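Counting in this note's numbering, the first sequence runs from 1 upward without gaps. Note that beta-carbon positions come from the ideal geometry of N, C-alpha and C, so glycine has one too. Just so we're clear, the structure is a prediction, and the values are computed from it rather than from any experiment. Let me begin by presenting the structure, written as structure tokens, before commenting on it.
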Amino acid sequence: MSFDPLVILTERFAQAIASAFPQAAGADPMVSASRNPKFGEFQCNAAMTLAKTLGQPPREVAKALVSAAKIADIAEPLSEASIAGPGFINITLRPDALVGLLKSITTEDFGIERVGAGKTVVVDLCGVNLAKEMHVGHLRSCIIGDTLARVLARVGYAVIRQNHVGDWGLPIAMVTAKLMDAAAAGRDIAELSLDDLETLYRSAKVEADADTRGLAAVRRFGLGPKAAAELEEQVAGAEESLTRAKRVLLDLQSHEPTAMRFWQRIVDVTMDACIKTCARLNVIVTREHSAGESSYAEELAPLVADLLSRGVAEASEGALVVRVDGIDEPCIIRKTDGAFLYATTDIAAIRRRVQKLGADRVIYCVDQRQGLHFRQVFAAAVKAGYATRPGAQGPSELQHAGFGMVLGDDGRPFKTRSGDNVKLSDLVDEAVERARRVVQETSPELSPAARDRVAEAVGVAAIKYADLSSDRVKDYVFNFDRMLAFQGNTGPYLLYALVRVRQILHKASKAGISPGAISIAASEEKTLALHMLRYPGVLLSVAQSLEPHRLCTYLYELCASFSAFYDKCHVLNAETDALKASRLALCALTERVLADALTTLGIKLIDQM
RNA sequence: GCACCCGUAGCUCAAUGGAUAGAGCAUUGGUCUUCGGAACCAAGGGUUAGAGGUUCGAGUCCUCUCGGGUGUACCA
Numbered sequence: 001m002s003f004d005p006l007v008i009l010t011e012r013f014a015q016a017i018a019s020a021f022p023q024a025a026g027a028d029p030m031v032s033a034s035r036n037p038k039f040g041e042f043q044c045n046a047a048m049t050l051a052k053t054l055g056q057p058p059r060e061v062a063k064a065l066v067s068a069a070k071i072a073d074i075a076e077p078l079s080e081a082s083i084a085g086p087g088f089i090n091i092t093l094r095p096d097a098l099v100g101l102l103k104s105i106t107t108e109d110f111g112i113e114r115v116g117a118g119k120t121v122v123v124d125l126c127g128v129n130l131a132k133e134m135h136v137g138h139l140r141s142c143i144i145g146d147t148l149a150r151v152l153a154r155v156g157y158a159v160i161r162q163n164h165v166g167d168w169g170l171p172i173a174m175v176t177a178k179l180m181d182a183a184a185a186g187r188d189i190a191e192l193s194l195d196d197l198e199t200l201y202r203s204a205k206v207e208a209d210a211d212t213r214g215l216a217a218v219r220r221f222g223l224g225p226k227a228a229a230e231l232e233e234q235v236a237g238a239e240e241s242l243t244r245a246k247r248v249l250l251d252l253q254s255h256e257p258t259a260m261r262f263w264q265r266i267v268d269v270t271m272d273a274c275i276k277t278c279a280r281l282n283v284i285v286t287r288e289h290s291a292g293e294s295s296y297a298e299e300l301a302p303l304v305a306d307l308l309s310r311g312v313a314e315a316s317e318g319a320l321v322v323r324v325d326g327i328d329e330p331c332i333i334r335k336t337d338g339a340f341l342y343a344t345t346d347i348a349a350i351r352r353r354v355q356k357l358g359a360d361r362v363i364y365c366v367d368q369r370q371g372l373h374f375r376q377v378f379a380a381a382v383k384a385g386y387a388t389r390p391g392a393q394g395p396s397e398l399q400h401a402g403f404g405m406v407l408g409d410d411g412r413p414f415k416t417r418s419g420d421n422v423k424l425s426d427l428v429d430e431a432v433e434r435a436r437r438v439v440q441e442t443s444p445e446l447s448p449a450a451r452d453r454v455a456e457a458v459g460v461a462a463i464k465y466a467d468l469s470s471d472r473v474k475d476y477v478f479n480f481d482r483m484l485a486f487q488g489n490t491g492p493y494l495l496y497a498l499v500r501v502r503q504i505l506h507k508a509s510k511a512g513i514s515p516g517a518i519s520i521a522a523s524e525e526k527t528l529a530l531h532m533l534r535y536p537g538v539l540l541s542v543a544q545s546l547e548p549h550r551l552c553t554y555l556y557e558l559c560a561s562f563s564a565f566y567d568k569c570h571v572l573n574a575e576t577d578a579l580k581a582s583r584l585a586l587c588a589l590t591e592r593v594l595a596d597a598l599t600t601l602g603i604k605l606i607d608q609m
């Protein structure tokens, strides 16, 4: 039994259609919340489409639906006056029915339908690389991925988070080689920081990228023997360290203990920092969620052999590829030199996630720019049969929940002034520092410890909410001032609403006032009540669409409704005790919905600010 | 070249094919005997890039054009 009026009305109008027009039974009743309050709270738009299929005038169809619909228990009676325009049927809930529905959602879990019950979903998120600080490039994957995981869990899915760590391959071998050199030169690897590793990574990369093209140019344009000699030396150096890195890579692949010890140290340093940053962002990612590329290394050769033997893969221009319908570029799974690629690993990951972890659904929270890659890999995995659970009818659902870039105010990718990627820890530090300055000014009465807690919560909430509140696939402009503003659609505004409602509850309990029977009279009370009833439906729509900004919009509107209520409908000094008790009950319910929604979004709750 | 994404108020963003396209910021003007004013209420501001088409009905779906972004076999 649902307590969502939208669901109830949809059922009732489906029945009305079936009884008034048996030949059209099963048609979509098209019930929705009205955009404009003057049209009532809900509307049924089915008459217009039915008119077409039935060959009858839409208003006649609407009349028939109005007399067939049995909704007297929750809505004001329908009449011809309820029909507007070409055949819209406008519906207004009865206040007492509203109260009844509200009572229902105060119980258990708000009447949220557990659409994911018995199903497993894998969420791919975070995606850090060894020997690199987390930067803005990881921000959205962590934040959005974590929220999607929370939403899916909230609607009943068994959620498995997977952090596809970039911990394998030649670049990592280069760093490992560098680290071994440093240790040989007397460096204590127990005292290693991620910053040190990143420095090693950079120097390895610079060496590897040494200008072979530059050398060719020098020779071509005849810039003289001196320039050529310099560059030749560089290139020779690069080739030497590249050769060494390839040797280390072979050692790693054969699990040679010394190389593995250094590699493991890099893993530990990187992952400790990653998990710390995630924890600070209130993103649930721990060591147990790590499923790095290295963990698939052993599977790749047999996997490719399997694909080849079954004719899924074919040789092409010296490489091995999987061709898929509808995409011109084939999916390359083995290079001419015999090495595997990230596509190979991703196909192996799909196989493990579906066939071993039992995923009915796999969601990749990865940059939109990898869209083509995932289309190829998904199609290849489906073609290979890897995306189908043993015994299942068809393949599991593979979804790329891609997201746009983070831009600066200039509309270009968000970078530091010197053009580097912005470290996540620096980003959070700045947001928290800015929040602290505001808190210091507006709430000097808070203890230093409380102030720190509030600043941390507000700063992180600001960053996360800014990221979540606009359409996932679009780029968004990162702006501290805007995201930290206390008015408008921001994290701090939501937390402020939470704090206000909690303060009322706190004072009420100190004054011995208890929540009582709800009665809905003022328009602000009704608006607030109607908003709360929408919560379960919004969660389901996010679980379906994978668009967290719908939950954000909902929350913002809920907070705005509450603020209007707060302004117009005093609680603790309302005229009568009954009114106090009723409004207090509304506050208590608001607090529960707000807290649940914020938690599902991944935003930490606070009591004061 | 081809493929994908995007184009909505001055700015940042919304809008399951539904009625007069909505918020916030900024601008202008109101509200206070403050359950915390970090608030609330209101006004102005739009050819939804453009042109066709489908539909009872299009910001939304289809085609084309313009503009921006991204990706395009052997990096991840």
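Exposed unless 16 or more other CB atoms sit within 10 angstroms - verdict on Val206:
Val206 sits exposed, since fewer than 16 C-beta atoms from the chains shown fall within 10 Å of its C-beta.
Could you check if Ile327 is buried or exposed, using at least 16 other CB atoms within 10 Å of its CB as the buried criterion?
By the neighbour-count rule (16 or more Cβ atoms within 10 Å), Ile327 is not buried but exposed.
Does Ser309 pass the burial test, meaning 16 or more other C-beta atoms within 10 Å, or should it be called exposed?
Around the beta carbon of Ser309, a 10 Å sphere encloses fewer than 16 other beta carbons of the protein chains shown; the residue is thus reported as exposed.
Where Lys474 falls: helix, strand or coil (DSSP):
Reduced to three states, the DSSP call for Lys474 is coil.
Determine the DSSP secondary structure at His615, reduced to helix, strand or coil.
No answer is possible for residue 615: it lies beyond the span of the chain, which begins at 1 and ends at 609.
Let me know the secondary structure DSSP gives Thr120 once reduced to three states.
Correct three-state label for Thr120: strand.
Proximity to Gly404 [Cα-Cα], best of Gln370, Asp452, Phe13, Pro390
Comparing Cα positions, the closest option is Gln370.
In chain order, what residues of the same chain lie with their CB nearer than 8 Å to the CB of Leu300, ignoring the 5 residues before and after it?
Cβ-Cβ distances below 8 Å link Leu300 to Phe340, Thr344, Thr345, Ala348 in the same chain, with the five nearest sequence neighbours on each side left out; the list follows chain order.
Check whether the Cβ atoms of Ile71 and Leu539 sit closer than 7 Å, and answer yes or no.
Contact: no.
Using 8 Å as the cut-off, can you tell me whether the stretch 567-579 makes contact with the stretch 518-526, which would need three or more C-beta pairs spanning the two stretches below that distance?
Result yes; three or more Cβ-Cβ pairs closer than 8 Å.
Which residues does DSSP list as the beta-bridge partners of Gly166?
Paired residues: Asn129.
Find the nearest neighbour of Thr600 within the set Cys587, Pro536, Arg351, judged by alpha-carbon distance.
Of Cys587, Pro536, Arg351, the residue nearest in Cα terms is Pro536.
Which of helix, strand or coil DSSP assigns to Ser316
Annotated three-state conformation of Ser316 is strand, per DSSP.
How would you write the range of the alpha helix (DSSP H) that Val31 sits in, first residue to last?
Counting along the chain, Val31 sits inside no alpha helix (DSSP H); it lies in the beta strand (DSSP E) bounded by residues 31-33.
Cβ of Phe42 within 7 Å of Cβ of Leu9?
A contact, by the Cβ cut-off of 7 Å.
Unbroken alpha helix (DSSP H) runs of length 4 or more, entirely within the stretch 35-111: which are they?
With a minimum length of 4 residues, the continuous alpha helix (DSSP H) runs that stay inside the stretch 35-111 are 46-54, 58-68, 95-105.
Where does Lys335 sit, in a helix, a strand or coil, going by DSSP?
Three-state DSSP puts Lys335 in coil, outside helix and strand.
Name the DSSP beta bridge partners of Ala349, please?
Note: Ala349 sits in no beta bridge, so no partner.
Relative to the alpha-carbon of Met288, which residue among His255, Asn163, Ala585 has its alpha-carbon at the smallest distance?
Before going on, a small fix: residue 288 reads as Glu here, not Met. It is Asn163.
Compare the C-alpha of Ser2 against each of Ala64, Met30, Leu101, Gly85 and name the closest.
Checking every option, the nearest Cα to that of Ser2 belongs to Leu101.
Who does Asp367 pair with in a DSSP beta bridge?
According to DSSP, Asp367 bridges with Phe403.
By how many angstroms is the C-alpha of Val285 removed from the C-alpha of Gln393?
For Gln393 and Val285, the distance between alpha carbons rounds to 32 Å.
For Val432, which option in Met483, Ala64, Val382 has the closest C-alpha, if you only look at C-alpha atoms?
Nearest option by C-alpha distance: Met483.
Which same chain residues end up closer than 6 Å to Ala543 when comparing Cβ atoms and leaving out the 5 residues on each side of it in sequence?
For Ala543, where only same-chain residues beyond five positions count, the Cβ hits under 6 Å are Val151, Leu152, Val155.
Only counting the same chain, and skipping five residues up and downstream in sequence, which positions put a Cβ closer than 6 Å to that of Asp360?
The beta carbon of Asp360 lies closer than 6 Å to those of Lys119, Thr120, Ser396 in the same chain, with the five residues before and after it left out.
When DSSP labels each residue in this structure, what does Pro492 get in the three-state scheme?
It is helical.
Measuring alpha carbon to alpha carbon, tell me which of Phe486, Tyr554, Ala517 ends up nearest Met609.
Closest option to Met609, Cα to Cα, is Phe486.
Leaving out the 5 sequence neighbours to the left and right, which residues in its chain are closer than 7 Å to Val312 when beta-carbon positions are compared?
If we look at Val312 and ignore the five residues flanking it on each side, its Cβ neighbours are Val322, Lys383, Ala384.
Measure how close the beta-carbons of Pro5 and Ile89 come, nearest whole angstrom, since I'm counting them as under 8 Å.
So it is not a contact: roughly 15 Å between Cβ atoms.
Judging by CA-CA distance, which residue of Ala149, Arg161, Leu249 is the nearest neighbour of Ala173?
For Ala173, the nearest C-alpha among the options comes from Leu249.
Sorted by chain position, which residues of the same chain lie with C-beta nearer than 6 Å to Leu130's C-beta, five sequence neighbours on each side aside?
The beta carbon of Leu130 is closer than 6 Å to those of Asp167, Ile172, Ile266, Thr270 in its chain, skipping five residues each way along the sequence.
State the beta-bridge partners of Lys423 as determined by DSSP.
The partner list for Lys423 (beta bridge, DSSP) reads His135.
Please state the DSSP three-state secondary structure of Pro448.
Correct three-state label for Pro448: helix.
Rounded straight-line distance, which links the Cα of Val477 to that of Asn36:
The alpha-carbon separation between Asn36 and Val477 amounts to approximately 31 Å.
According to DSSP, simplified to helix, strand and coil, what is Arg361?
Residue state for Arg361 is assigned as strand, using DSSP reduced to three classes.
Ordered along the chain, which non-local residues of its own chain (more than five positions away) have a Cβ less than 6 Å from that of Leu558?
Same-chain partners within the cutoff: His531.
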